[in-house]
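Numbering (the numbering used here), first residue to last: 471 to 732.
Glycine included, every Cβ here is placed at the ideal spot set by N, Cα and C.
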């Protein structure tokens, strides 16, 4: 007998391969079957909507989105969560990056600004992650007039505690050694799952989450079943209920079969 769950998927390194920048065919097949069997499919990503451009193959299957690590969640055109960062914390981060010459992505409610003095954003997001639409970035002063939902500064992990000590109303979720995603306290993927469960009317215990990075920890712990990809960081694997194979080795297909969802 197949099981029905609300399924939550990170994008980079979980749904989408870091090697091919595409969703493996086995994953497309698995999600199609899971949806046909009565499960729901949700995205849970650190990406803002502007740069969610790599899900075309499964877009018709998606029931809702947790974006910017839980700060902006929506179902169709209906807003579920919008949790901005306090203005003083925004300026602490912006000023710090400008003083140190660090790259920074500022995600507003409508637009995204990119400060890239050393080319780090271009090198990692465009070249390594094949991110599109960053050329549509708006000027910083325009974006700072909006509610800011996420800040992505580029600096090593050893500097992170120093900055976060000054951004007292924020949390950090690092999924790459060169940058971290900062959101308001209370905005993370795990809380996004709870908000989506309230909105959609399903039991949080009947949720299953899939991830590979540090910013997936909250949803791995919150979901009824938390699954780490085989290519996940060791810290996430230790927190997960189950470790599947890698994104490039049919990881999602194998996990959904293991739990009798397909």
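Query	Result
Taking buried to mean at least 16 other C-beta atoms within 10 Å of its own C-beta, is residue 547 buried or exposed?	exposed
Rounded to the nearest angstrom, what separates residue 637 and residue 720 at their Cα positions?	40 angstroms
So, helix, strand or coil for residue 621, using DSSP?	strand
Under 8 angstroms by Cβ, that's how I've got residue 499 and residue 723 pegged, so tell me the actual separation to the nearest angstrom.	7 angstroms
I'd like the span of the beta strand (DSSP E) that includes residue 515, first residue to last.	Taken as a continuous stretch (DSSP letters only), residue 515 belongs to no beta strand (DSSP E), as it is neither H nor E.
Can you check the region 609 to 696 for any alpha helix (DSSP H) of at least 4 residues that lies completely inside it and give the ranges in chain order?	610 to 613, 630 to 634, 659 to 670, 687 to 692
Starting from residue 558, trace the alpha helix (DSSP H) both ways and give me its first and last residue.	557 to 570
Apart from the five residues on each side of it in sequence, which residues of its chain come closer than 7 angstroms, Cβ to Cβ, to residue 484?	680, 681, 682, 699, 717
Check whether the region 624 to 636 and the region 502 to 516 are in contact - that is, three or more C-beta pairs closer than 8 angstroms.	no
So, helix, strand or coil for residue 525, using DSSP?	coil
Identify every residue that forms a DSSP beta bridge with residue 482.	486
Looking at residue 643 and residue 475, is the spacing between their C-beta atoms short of 9 angstroms?	no
Looking at the strands, I want to know which residues DSSP matches up with residue 583.	576
If you follow the alpha helix (DSSP H) that residue 544 is in, where does it begin and where does it stop?	Taken as a continuous stretch (DSSP letters only), residue 544 belongs to no alpha helix (DSSP H), being part of the beta strand (DSSP E) at 542 to 545.
Just how far apart, CA to CA, sit residue 584 and residue 496?	35 angstroms
Out of curiosity, what's the CA-to-CA distance linking residue 591 and residue 641?	21 angstroms
Just grab the DSSP bridge partners of residue 599 for me.	According to DSSP, residue 599 bridges with nothing at all.
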